[in-house]
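Novice: Let me give you the structure first, and then I'll get to my questions.
In the numbering used here, the protein residues as written are 121 to 387.
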């Protein structure tokens, strides 16, 4: 491309994030700013997420976040920063950031609900819809996954999946069949006593549909895969050693082969 704009730069940052290329992402960000392009919320979310995957980049993350005026920090940017600090185990700084969140911000209420140790129902403002709340519960689930706080995921899942309409709308997986058609899978389990997430359903059906084919399997997921599903994919790839399994979730490509995943090798 002879000329770049904010869209092309954000696409580059997203791709670098998928493949853990934090140095290239930071260089691209500086190049974008030098050329006079104004970063938007997507830019900051992508950059913070990409850099936070590399432990020694946390100071760069904090420096970039500090350059954003407080009144311009949208919920998704703030959530990305909280996830980065949580991943770096800087919990005191997470608490300091919590204190600065405006109470009318929907993120504040989602955080408050999910950190409520008494498990009492939290009263949300009428202006917050169930769909918005469920989206931020999903965001909290991702943050807990970053931090390895898997015992907290059950509470988040219960909130997210207690409404079947929201569950169908927010959580789904898919795979491309041998005839080129896309088949979608939505969870039918109302009580998540065991992990029956949609990527598992998609993989089981893909293996059955392509059992006589040596072609790799490509599964899509509309948000981050959980640890249990990730381990399940590794086990399946070990038993299906002649076939590679690709899982594209909301953050990156996972390539499973012979019981290992590309994300573990690259990290």
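Even for Gly, the Cβ is constructed at its ideal location relative to N, Cα and C. Fair warning: this is a prediction, and the values are worked out from it, not measured in the lab.
Tell me whether residue 130 is buried or exposed, calling it buried when 16 or more other Cβ atoms sit within 10 Å of its Cβ.
Specialist: Flag for residue 130 reads buried.
Novice: When the Cα of residue 164 is compared with those of 351, 376 and 183, which residue comes out closest?
Specialist: It is 183.
Novice: Where does residue 121 land, buried or exposed, given buried means 16+ other C-beta within 10 angstroms?
Specialist: Its Cβ having fewer than 16 others within 10 Å, residue 121 is exposed.
Novice: On the CB-based measure, 16 or more other CB atoms within 10 Å of its CB, does residue 302 come out buried or exposed?
Specialist: Flag for residue 302 reads exposed.
Novice: Within 10 angstroms of its Cβ, does residue 324 collect 16 or more other Cβ (buried), or is it exposed?
Specialist: Classification for residue 324: exposed.
Novice: DSSP three-state label for residue 343, please.
Specialist: Residue 343 falls in the coil class under three-state DSSP.
Novice: For residue 137, which of 193, 158, 174 and 127 has the nearest alpha-carbon?
Specialist: Considering only alpha carbons, the answer is 174.
Novice: How about residue 370 and residue 350: do their beta carbons lie closer than 8 Å?
Specialist: Not closer than 8 Å, so no.
Novice: In this structure, what does DSSP give as the bridge partners for residue 377?
Specialist: Paired residue(s): 380.
Novice: Look at the alpha carbon of residue 201 and the alpha carbon of residue 372, and state the distance between them as a whole number of angstroms.
Specialist: So the alpha carbons of these two residues sit roughly 19 Å apart.
Novice: Residue 321 bridges to which residues according to DSSP?
Specialist: Answer is none; residue 321 lacks a bridge partner.
Novice: Of all the alpha helix (DSSP H) runs that stay within the bounds of the segment 137 to 217, which reach a length of 4 or more residues?
Specialist: Listed in chain order, the complete alpha helix (DSSP H) runs (minimum 4 residues) inside the segment 137 to 217 are 142 to 154, 161 to 172, 178 to 186 and 195 to 207.
Novice: Do you know how far the Cα of residue 177 is from the Cα of residue 210?
Specialist: Their Cα atoms are separated by approximately 13 Å.
Novice: Can you tell me the Cα-Cα spacing of residue 112 and residue 366, whole angstroms?
Specialist: In the structure as shown, the chain begins at 121 and stops at 387. Residue 112 is therefore absent and cannot be evaluated.
Novice: How big is the Cα-Cα spacing for residue 363 and residue 331?
Specialist: Rounded to whole angstroms, residue 363 to residue 331 spans 10 Å at the Cα level.
Novice: Where does residue 405 fall in DSSP's three states?
Specialist: The structure shown has nothing for residue 405, since the chain only spans 121 to 387.
Novice: Report the CB separation of residue 293 from residue 340 in whole angstroms; it is logged as a contact under 8 Å.
Specialist: The Cβ separation is near 6 Å, so the contact holds.
Novice: Have a look at residue 319 and residue 305 and give me their C-alpha separation to the nearest angstrom.
Specialist: Each residue's Cα considered, the two are about 8 Å apart.
Novice: Among 379, 357 and 317, which has the Cα closest to the Cα of residue 336?
Specialist: Closest option to residue 336, Cα to Cα, is 357.
Novice: Once the 5 residues before and after residue 171 are set aside, which same chain residues still bring their CB inside 6 Å of it?
Specialist: The answer, listed in chain order, is 142, 177, 180 and 181.
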